[in-house]
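A quick write-up on the structure given underneath.
There are 2 protein chains.
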Amino acid sequence: MQHQRPKIVDVARLAGVSTATVSRVLSNPDVVSAETRRSVEEAIRQTGYRLNHAARNLRHRRTGGVVALVPNLSNPFFSQILAGMAAVLAGAGYNLLIADTCAMGGETLLGYAEPSRADGLIVLDGTLPAEGLKRRVPIVLACEWIPGIEAPRVKIDNRAAARVAVGHLADLGHTRIGHVMGPPGNVLSEARLAGTEQALAARGLPPPLVLPGDFSLDSGRVAGAAWLALPAQERPTAMFLASDAMACGFIGEVQHRGLAVPRDVSVMGFDDIELVSHMTPALSTIRQPREAIGRRAAQCLLAMIGGEALEGDIVLPTELVLRASTAPPVTAPAIKSRAAGPARL
Amino acid sequence: MQHQRPKIVDVARLAGVSTATVSRVLSNPDVVSAETRRSVEEAIRQTGYRLNHAARNLRHRRTGGVVALVPNLSNPFFSQILAGMAAVLAGAGYNLLIADTCAMGGETLLGYAEPSRADGLIVLDGTLPAEGLKRRVPIVLACEWIPGIEAPRVKIDNRAAARVAVGHLADLGHTRIGHVMGPPGNVLSEARLAGTEQALAARGLPPPLVLPGDFSLDSGRVAGAAWLALPAQERPTAMFLASDAMACGFIGEVQHRGLAVPRDVSVMGFDDIELVSHMTPALSTIRQPREAIGRRAAQCLLAMIGGEALEGDIVLPTELVLRASTAPPVTAPAIKSRAAGPARL
DNA sequence: CACCCTCTTGCAATCGATTACAAGCCTCCG
DNA sequence: CGGAGGCTTGTAATCGATTGCAAGAGGGTG
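See below:
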């Protein structure tokens, strides 16, 4: 009572027991007799005692926290993944610390990979240096990954998903198909490009027109401008963009310049972020199970923290979502097909 | 070397000094002689020593972490605020823990308000119970706030911003104006509704048609359906929605049902999330300085942790952003104004 | 009644760093 | 030459909880 904040000894004194007993009531109630337990609980209530986590963590040699390294917090793609992770981790008594890798230097970042800072790490950014991350705390890679690092990966089959997406465009009858890539060097960018090329090659179609991008809205807008700048007869009649955000930017630019989707160009995205089903036209895309990715990554990490030695990848399924932004190409020189009915599905 | 992980005594032994000196080199290098410092630094390098934060925090009676309580991580509105906070906090050596209040019960949440868990709290959710949050750790409220709690607030003038938004619609000539609210009971919902009513009353216009919502995309879609369900001549010719997300949902629904914005209805949002400038039509809205809100909230909290006693609110400016979703009402019964040119600005 | 076993509980060491206090050394001045 | 004062460094207590070990209590058995 005289202290600023009651400690375990205050509770012990009031209850007339030792600190060891109080501690046991807190963390292992079953070994304490019912009567003692009740009086300790009463003392805890009276003193308003609250456990000091720093002390417990010091003794347990753990931190009770897990860090997620995210490339860009402003990207809505990640928020649902984080929500999934947070749910699983909270259930297991872990905090989720979120760090934005683009907001901090490498030095600061590596500080998170220390056992005294976090019990584990979930890395969502494939562009981090592999060096500092090696063998410090359990690590799980989600979505993206870092080639040099041996750690469980929770991901999707990006190449296959891209094949499905481009296959859909080809099935609609498109033959000139373009692709807007993610950031250069990113494993996802490469895989989605490769899938695009495979799908076209498998059907004997010419290789895609490839435009640069970086997953961001604005790079999609720039790609839209680049597409518009092409002579009309050279423009791909269908575009597959490596992220929904880019697809939004692309469609926005095309529409603002007076053309229509899918009449003048079919557009296919990737991710299925919530928003794209509300746009006009609603975006056809590849759905990534974002929350599931978060959950699995968190479960995986908890298992590793628990001592299990996981290896190998967890590949979650994707889904082709067909909405209104893709349609067969207008073959004849557009006569009066004012609005080619969107292929709602 | 024989230990799993080198501790401060290992460094001390190797450097031939006491642990106190090593500690001083780490946290207060100036008081140590240059020569000793160098040999300690060398020993640190050789042993690969890394500080144990749990131990330091225990001794310092602090945690080095700040918790942000966010109502919904999946909402892109918050991500940029968090990015701003993270930047400031990282600069001051604090971690940012992010907790999603809708993913966890009140018990868990209150656990975060303890000094042994976090050195401070930034609350972005106005619907939390005021009880448990009182007088535990420094708290800053951002965006939303909790009426019962006395803590610095970083916010915008929601009422004035709503007046500006609705004033714009009225200036365009609209007389039947509707409003889609945020979640009931939310302070932001109330303020934005009040501003809407004030703006209309000040111009002698009839009170708004008010539709329910909850800031989410889908509630905007539902509001769109409700608007469509009205007899055409009773529909407001302009709608002010309390969030951009709802505006997106609203516009999507209206467009999917074959009507056009702003020809058939002008739409005004709130927030200016990145995406809305890319939609078609680009959304007119009220810009909130999201990153600045995050930064100021973090700075404010750091000041409080440092012992300053802040009181009173910090009100950041908003900005009316005019794009293409608002236009004068089509007064004559639509004759052949196929596409009333969007009032780009 | 002695002995063994189980159930509770307390003692005291421990987790790893920080820091008040004191001691040692050196220099400078009277 | 003695003492004051500044610099550096070491000693040991401390932050608050956890837990291995052992002791004491109570019950059952031969």
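From first to last, the protein sequence lines stand for chains A and B.
The first sequence runs contiguously to residue 345 in full-length UniProt numbering.
The second sequence runs contiguously to residue 345 in full-length UniProt numbering.
In this text, a Cβ means the ideal position worked out from N, Cα and C, and glycines have one as well.
Taking 8 Å as the CB-CB limit, is residue i close to chain A?
i	result
M279 of chain B	yes
T331 of chain B	no
I8 of chain B	no
D100 of chain B	yes
S116 of chain B	yes
S18 of chain B	no
Q46 of chain B	no
R221 of chain B	yes
A343 of chain B	Model confidence at A343 of chain B stands at a pLDDT of 43, short of 50, so the residue's coordinates are unreliable and nothing is read from them.
L73 of chain B	yes
Q80 of chain B	yes
L96 of chain B	yes
A292 of chain B	no
N57 of chain B	yes
A83 of chain B	yes
T252 of chain B	In the sequence as presented, Thr is not what sits at residue 252 of chain B; that position holds Gly. Cβ-Cβ to chain A under 8 Å: yes for G252 of chain B.
A92 of chain B	no
Taking 8 Å as the CB-CB limit, is residue i close to chain B?
i	result
H256 of chain A	yes
I335 of chain A	Legend: pLDDT at I335 of chain A = 44, less than 50; position of this residue unreliable, no value from coordinates given.
L301 of chain A	no
C143 of chain A	no
L51 of chain A	yes
P76 of chain A	yes
A54 of chain A	yes
L241 of chain A	no
residue 346 of chain A	Absent from the structure is residue 346 of chain A, since the part of chain A shown begins at 1 and ends at 345.
T63 of chain A	yes
T237 of chain A	no
A15 of chain A	no
L275 of chain A	yes
T36 of chain A	no
L217 of chain A	yes
Considering only C-alpha positions, which residue in the set the options is nearest to residue i?
i	options	result
P6 of chain A	A:V330, A:A202, A:L51	A:L51
N158 of chain B	B:G224, B:N95, B:P206, B:T285	B:T285
R153 of chain A	A:V330, A:P206, A:E311, A:L320	A:E311
L211 of chain A	A:L110, A:D100, A:T101, A:L230	A:L230
G195 of chain A	A:I81, A:R323, A:I156	A:I156
R61 of chain A	B:A55, B:G65, B:V66	B:A55
S79 of chain B	B:R290, B:V330, B:T331, B:P328	B:R290
V180 of chain B	B:W227, B:N95, B:E253, B:A99	B:W227
N57 of chain A	A:L73, A:P29, A:Y94	A:Y94
I293 of chain A	A:A309, A:L205, A:D271	A:D271
Q233 of chain B	B:A34, B:L193, B:H168, B:D264	B:D264
Y49 of chain B	B:G306, B:V31, B:L26	B:L26
R136 of chain B	B:P115, B:L169, B:A86	B:P115
N72 of chain A	A:I8, A:V40, A:D125	A:D125
I251 of chain B	A:S277, A:P329, A:V330, A:R203	A:S277
S39 of chain B	B:V11, B:L69, B:H174	B:V11
G204 of chain B	B:T101, B:S219, B:I177	B:I177
M246 of chain A	A:F77, A:P207, A:V166, A:P262	A:F77
C248 of chain A	B:V315, B:E274, B:S23	B:E274
On the DSSP bridge list, what partners appear for residue i?
i	result
E319 of chain B	B:R287
V154 of chain B	B:A142, B:I314
H179 of chain B	B:V210, B:F240
N268 of chain B	It is worth fixing the name first, because residue 268 of chain B is Met in this sequence and not Asn. Paired residue(s): B:F240, B:S284.
Hey, which unbroken runs of the alpha helix (DSSP H) at 4 residues or more fall wholly within the segment 62-150 of chain A? 76-91, 106-111
Taking only runs of the alpha helix (DSSP H) that begin and end inside the segment 215-250 of chain B, which ones reach a length of at least 4 residues, in chain order? 217-229
Any 3 or more C-beta pairs closer than 8 Å across the segment 31-44 of chain A and the segment 12-22 of chain A: yes
Taking contact to mean 3 or more Cβ pairs, one atom from each stretch, closer than 8 Å, check whether the segment 109-122 of chain A and the segment 296-312 of chain A are in contact. yes
Does the contact criterion of 3 or more C-beta pairs under 8 Å hold for the segment 164-182 of chain A versus the segment 236-248 of chain A? yes
What runs of the alpha helix (DSSP H), each 4 residues or longer, lie entirely inside the UniProt domain "HTH lacI-type" (6-60) of chain B? 8-15, 19-27, 34-47, 53-60
The segment 248-265 of chain B touching the segment 251-270 of chain A, judged by at least three CB pairs closer than 8 Å: no
Would the segment 81-97 of chain B and the segment 28-42 of chain B be scored as touching if the rule is three or more Cβ pairs under 8 Å? no
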